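Undergrad:
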Amino acid sequence: MNKAKYTQEVPEDRKEVLKIIQEAKKPLKIMILGGVDSGKTTLTVYLANELLSQGFRVAIVDSDIGQKGILPPAVISLGFPEGIFTSLEEIRPVKHYFVGTITPNQFFGEMVTGVGLLVNEAIKRKADVVIIDTTGLVHGSGVELKRMKIEITKPDLILALQRKNELEDILKPFESKTRVIRLEISENARLHTREERRDIRREKWKKYFENSKEYVLDLRKFYITGTLMFQGREIIEEEKSILENLFKWIVFYGRKIIDKYFVVKADIGAFPRSFDKNIMKAIDLENLSNLIVGFIDKNGFCLGLGILKLINFKELKAHVVTPLTEAELSNAVEIRFGRIRVREDGEELGLLNRDAL
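Okay, so the sequence shown: first residue is 1 according to full-length UniProt numbering, each after it adds one.
1) Less than 6 Å between C-beta atoms, sequence neighbours within five positions excluded: which residues of the same chain meet that for ARG273?
2) If you draw a straight line from the alpha carbon of GLU90 to that of GLY269, how long is it in whole angstroms?
3) For the alpha helix (DSSP H) that contains ASP199, what are its first and last residues?
4) CA-CA distance, ARG197 and GLY350?
5) In this structure, does DSSP put LEU305 in helix, strand or coil?
6) In angstroms, rounded to a whole number, what distance separates the CA positions of ARG201 and LEU352?
7) Does the beta carbon of ILE257 sit closer than 8 Å to a beta carbon anywhere in chain D?
8) Any chance you could list the alpha helix (DSSP H) runs of at least 4 consecutive residues sitting entirely within the stretch 211-281, in chain order?
9) Counting along the chain, where does the beta strand (DSSP E) carrying ALA122 start and finish?
10) How many angstroms separate the CA atom of GLN67 from the CA atom of LEU161?
11) Are there 16 or more other CB atoms within 10 angstroms of the CB of ALA266, so buried, or fewer, so exposed?
12) Is the Cβ-Cβ distance between TYR46 and ARG92 less than 8 Å?
13) Can you round the beta-carbon distance between ILE340 and GLU348 to whole angstroms, since I take them to be within the 8 Å contact cut?
14) Give every residue of the same chain whose Cβ lies closer than 6 Å to the Cβ of ASP133, excluding the five residues on either side of it in the sequence, and list them in chain order.
15) Using three-state DSSP, classify ILE84 as helix, strand or coil.
16) Could you name the residues of the same chain whose beta carbon sits closer than 7 Å to that of ARG233, not counting the 5 residues immediately before and after it, in chain order?
17) Tell me the start and end of each unbroken beta strand (DSSP E) in the stretch 47-97 that is at least 3 residues and wholly inside, in chain order.
18) When we look at the beta-carbon of ASN49 and count the other beta-carbons within 10 Å, is it buried (16 or more) or exposed?
19) VAL320 and LYS298 - do their beta-carbons sit closer together than 8 Å?
20) Given SER186, which residues of its chain have a CB within under 8 Å of its CB, disregarding the five upstream and five downstream residues?
21) Pick from ASN290, GLY34, ALA318, LYS281: whose alpha carbon is nearest that of LEU159?
22) Can you give the Cα-Cα distance for SER241 and TYR261, rounded to whole angstroms?
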């Protein structure tokens, strides 16, 4: 299930980096950068274990939302390994920040906010060394994402794993501000296909939700975020009838937010429909089924994930499957909507665009 396992058979430059970290002033923040399958998590596991064996208090911020080691996917997680460990999955998280999808595209705000908050939390909890594991998005918009992560966390050390020069656009602006060490990619690093990465996620989703229970939750008792679906005012019957007749829809629920409508609907008949997206947002009811949601506490951290099964819009009650207990759910003040649909068996059903909800 995990690509990265603890091994002491590493290139010599890793051992040199370890000496630098051991001798550096603490607390020390380290950000690891690299493309897909460059060995970032393997390096994280190696450094963390070696530092633990030297008596340092190590924190790991796992922000690789698509290939998470610390469960579950779709969140950024903070963990403090208590002893030697084989893979990140063994680490019990102390905090999560909800992103709600498996790709950082369209979610830069959540990625930067989550990493920043969790690094601060690690320092507050007296970590000697904070290791930040990142996603493999390092080209195009990924350059800007990494820039923002570096600016918000201000790492003392950046470890750059690159095959050629693919990280230079990220690194050059920061070489005068922080220490950058370029590392070779291990000959043991293996590229995984998209299907293999999806299979790995499937097993992780399945493991996270394996002991889940279904709850019926009164949405009026929570703040609802990550969606426009409950903003503004509820539409009246006359508006509902007009929309249904105009577009041949069944409208299950609708709101009007200033001068824009948001409706949950199902099509009657298969034919093209067009409307001005500046005044209308519509989502198919089926796209809400199996949608990942996050349960958020009063401090903005994610207590855990749930799978939305259905919403009774008349009573504003949601049926949600989650491994959280009733006691844990009692600490949630907010339900935040994600953008990936997943079944309890781990099968991913698809991603929604950021603006879909």
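Glycine included, every Cβ here is placed at the ideal spot set by N, Cα and C. Remember, it's a predicted structure, so these values are computed and weren't measured experimentally.
TA: Answer, in terms of the structure:
1) Taking the first residue of the sequence shown as position 1, residue 273 is located at position 273. Excluding residues within five positions, the ones whose Cβ falls inside 6 Å are PHE247.
2) Here the question's residue 90 lines up with position 90 in the sequence shown. Here the question's residue 269 lines up with position 269 in the sequence shown. GLU90 and GLY269 have their alpha carbons spaced roughly 50 Å apart.
3) Numbered from its first residue, the sequence shown carries residue 199 at position 199. Unbroken alpha helix (DSSP H) run through ASP199: 194-209.
4) Within the sequence shown, residue 197 is the residue found at index 197, counting from 1. Within the sequence shown, residue 350 is the residue found at index 350, counting from 1. Cα to Cα, ARG197 sits roughly 15 Å from GLY350.
5) As a working mapping, residue 305 is identified with position 305 in the sequence shown. Reduced to three states, the DSSP call for LEU305 is strand.
6) As a working note, residue 201 is residue 201 in the sequence shown. As a working note, residue 352 is residue 352 in the sequence shown. About 17 Å.
7) Among the chains of the structure shown, chain D does not appear; only one protein chain is present.
8) If we require 4 residues or more, the alpha helix (DSSP H) runs fully inside the stretch 211-281 come out as 237-247.
9) Position 122 of the sequence shown, counted from the first residue, corresponds to residue 122. Bounds of any beta strand (DSSP E) do not take in ALA122; it lies within the alpha helix (DSSP H) bounded by 108-124.
10) Within the sequence shown, the letter at position 67 stands for residue 67. Within the sequence shown, the letter at position 161 stands for residue 161. Distance between the alpha carbons of GLN67 and LEU161 is about 17 Å.
11) The residue you call residue 266 lines up with position 266 of the sequence shown. Burial call: exposed.
12) Numbered from 1 along the sequence shown, position 46 holds the residue referred to as residue 46. Numbered from 1 along the sequence shown, position 92 holds the residue referred to as residue 92. ARG92 is positioned such that its CB atom lies no closer than 8 Å to that of TYR46.
13) One-based indexing of the sequence shown puts residue 340 at position 340. One-based indexing of the sequence shown puts residue 348 at position 348. Taking a contact as a CB-CB distance under 8 Å, the pair ILE340 and GLU348 counts as one, their CB atoms being some 7 Å apart.
14) Taking the sequence shown and counting its residues from 1, the one referred to as residue 133 is at position 133. Annotation for ASP133: ILE32, LYS40, THR41, THR44, ASP62, ASP64 place their beta carbon closer than 6 Å to its own, counting only its chain and skipping 5 residues before and after.
15) As a position in the sequence shown, residue 84 is number 84, starting the count at 1. Here ILE84 sits in coil by DSSP.
16) Sequence index remark: in the sequence shown, residue 233 carries index 233 (1-based). Contacts found: ARG255, LYS256.
17) Runs found: 58-62, 75-79.
18) Mapped onto the sequence shown, residue 49 falls at position 49. Burial call: buried.
19) Taking the first residue of the sequence shown as 1, we reach residue 298 at position 298. Taking the first residue of the sequence shown as 1, we reach residue 320 at position 320. Contact flag unset, no.
20) Locating residue 186 in the sequence shown gives position 186, where the first residue counts as 1. Beyond the five residues adjoining it in sequence on each side, SER186 comes within less than 8 Å, by CB distance, of VAL10, PRO11, GLY39, THR42 in the same chain, given in chain order.
21) Here the question's residue 159 lines up with position 159 in the sequence shown. Closest by alpha carbon: GLY34.
22) Within the sequence shown, numbered from 1, the residue matching residue 241 stands at position 241. Within the sequence shown, numbered from 1, the residue matching residue 261 stands at position 261. If you take the alpha carbons of SER241 and TYR261, they lie about 14 Å apart.
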